[in-house]
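According to the working numbering, the sequence shown holds residues 101 to 421 in order.
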Amino acid sequence: MKFSPIFSRAVVFSSLLIWMGGFSVSAWANEPKKAEPVKEEKKFKYVEEPGEEGRGYTYKRVAKEAYEEPKPVPKEEPKPPPKAEAKDAHGKPDAHGKPDDHGKPAEKKKDDGHGGGDHKEPKKEEKKKDDKKKDDGHGGGHGGGHGKEVKKEEPTLSALYESKEIKLDANNRPFKPIARTTKKADYYLCRDIVSTKYRNTVLAEMNTFADRMGLPRAQDMPCMVKIAKADTKFPGAIYLEFYVNDKAAVECMKLGECGSTRLVMLFPKDKTGKQSKDIYRSYVLTDERKFQRGAFCVSPQGQLLGEKNCYVALNPDWLFN
Numbered sequence: 101m102k103f104s105p106i107f108s109r110a111v112v113f114s115s116l117l118i119w120m121g122g123f124s125v126s127a128w129a130n131e132p133k134k135a136e137p138v139k140e141e142k143k144f145k146y147v148e149e150p151g152e153e154g155r156g157y158t159y160k161r162v163a164k165e166a167y168e169e170p171k172p173v174p175k176e177e178p179k180p181p182p183k184a185e186a187k188d189a190h191g192k193p194d195a196h197g198k199p200d201d202h203g204k205p206a207e208k209k210k211d212d213g214h215g216g217g218d219h220k221e222p223k224k225e226e227k228k229k230d231d232k233k234k235d236d237g238h239g240g241g242h243g244g245g246h247g248k249e250v251k252k253e254e255p256t257l258s259a260l261y262e263s264k265e266i267k268l269d270a271n272n273r274p275f276k277p278i279a280r281t282t283k284k285a286d287y288y289l290c291r292d293i294v295s296t297k298y299r300n301t302v303l304a305e306m307n308t309f310a311d312r313m314g315l316p317r318a319q320d321m322p323c324m325v326k327i328a329k330a331d332t333k334f335p336g337a338i339y340l341e342f343y344v345n346d347k348a349a350v351e352c353m354k355l356g357e358c359g360s361t362r363l364v365m366l367f368p369k370d371k372t373g374k375q376s377k378d379i380y381r382s383y384v385l386t387d388e389r390k391f392q393r394g395a396f397c398v399s400p401q402g403q404l405l406g407e408k409n410c411y412v413a414l415n416p417d418w419l420f421n
């Protein structure tokens, strides 16, 4: 039986393809398998204690994250006020006998009535445009102000507190509406008022002092800006207040019963803010069940000035210091 040459070529070509396919499959099968990535298990730090046995395991408590305590610094003696620099006499001769440039009157440019000597007359088309701008159909004199939006004036910020830490207006009040009010204070949410960095710094220092006193830590939310009212001990004082749990937050803000106090008073050293905007942090932590109360003063640089409120720490000559 004879086959056509076209049929024999097709048979040879198909057998060649089958042979190459088998070779490639065998080559892929001989390739080494890639090693699977090793998953790192999260390690926990446990409290050094015997623990409780149960179901073949020993259960221990996870250790709390440790914060570095602010280091105390010795009191520095007040520095003498800087001497006023002597003003230079304008117009007096210098070391070479020549008067300085301050005494020379400014030379006035020649004015030929057209705004300068190199004035060029405007073209006819430009003159027509200028005439149209001057006469807008309202008698002129409006200066082309129709249809333009008036720029809004930016709000005046506080001259006493840094806006990068806490944003307040010229009356040292937040730009946000009051979230809750009591007989003694107004409360605002920290969001968009206190920067995240400054809030975390305050919370870390506060929990460090709570660990030292053996008291429960404050939670990060809610965070409230508290402003004392006029008939209180410190009218207008600004505080950042945290709470140990949601129940304590409701009792403190709504009922005014703060058994577990976790707050810091922002204490400006210069009450005018003209010379310095340094804000000291005066902490108060209490616990009515353990009958404990602690006060701590921290400088703007994060240094512990003493276990007392900042007014006493910054006024060493005070009567009861």
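Don't be surprised by glycine CBs; every beta carbon is placed ideally from N, CA and C. Please read these numbers as outputs of a predicted model, since none were measured by experiment.
| Asked | Found |
| --- | --- |
| Contact check, residue 260 vs residue 368 under 8 Å by CB: the rounded distance? | 6 Å |
| Can you check DSSP and say which residues form a bridge with residue 96? | There is simply no residue 96 to check, as the chain begins at 101 and stops at 421 in what is shown. |
| Taking Cβ positions, are residue 329 and residue 339 nearer each other than 8 Å? | no |
| Express the C-alpha separation of residue 270 and residue 307 in angstroms, rounding to a whole number. | 32 Å |
| With a 10 Å radius around its C-beta and 16 neighbouring C-beta atoms as the bar for buried, classify residue 291 as buried or exposed. | exposed |
| Among 263, 172, 252, 358, which residue has its Cα nearest to the Cα of residue 373? | 263 |
| Give me whichever residues DSSP pairs with residue 144 in a beta bridge. | Looking at the DSSP assignment, residue 144 forms no beta bridge with any residue, so it has no partner. |
| So, for residue 402: in the same chain, excluding its five sequence neighbours on each side, which residues have a beta-carbon less than 6 Å away from its beta-carbon? | 170 |
| Can you say whether residue 379 is buried or exposed, counting buried as having 16 or more other CB atoms within 10 angstroms of its CB? | buried |
| Nearest to residue 146 by CA position, among 155, 152, 160, is which residue? | 160 |
| Which residue comes first and which comes last in the beta strand (DSSP E) that contains residue 367? | 362-368 |
| Apart from the five residues just before and just after residue 256, which ones in its own chain have a Cβ nearer than 6 Å to its Cβ? | 270 |
| Just to confirm, is the Cβ distance from residue 359 to residue 284 under 8 Å? | no |
| Using DSSP bridges, identify the partner residues of residue 386. | 393 |
| What is the residue span of the alpha helix (DSSP H) that residue 152 lies within? | Note, residue 152: premise wrong, no alpha helix (DSSP H); beta strand (DSSP E) at 152-154. |
| Determine the direct distance from the alpha carbon of residue 400 to that of residue 376, and round the result to whole angstroms. | 12 Å |
| Buried or exposed: residue 274, going by 16 or more other Cβ atoms within 10 Å of its Cβ? | buried |
| With DSSP as the reference, identify every bridge partner of residue 286, one or two as the case may be. | 281, 327 |
| For residue 302, which residues from the same chain have a beta carbon less than 7 Å from its beta carbon, with the 5 sequence-adjacent residues on both sides left out? | 340, 364, 381 |
| According to DSSP, simplified to helix, strand and coil, what is residue 268? | coil |
| Quick check on this structure: which residue in 165, 415, 135 has the alpha carbon closest to the alpha carbon of residue 370? | 415 |
| Restricting to Cα atoms, I'd like to know which of 153, 276, 305, 395 is closest to residue 294. | 276 |
| For the alpha helix (DSSP H) that residue 298 lies in, which residues bound it at each end? | 296-313 |
| Using the Cα positions of residue 165 and residue 311, report the straight-line distance between them to the nearest angstrom. | 11 Å |
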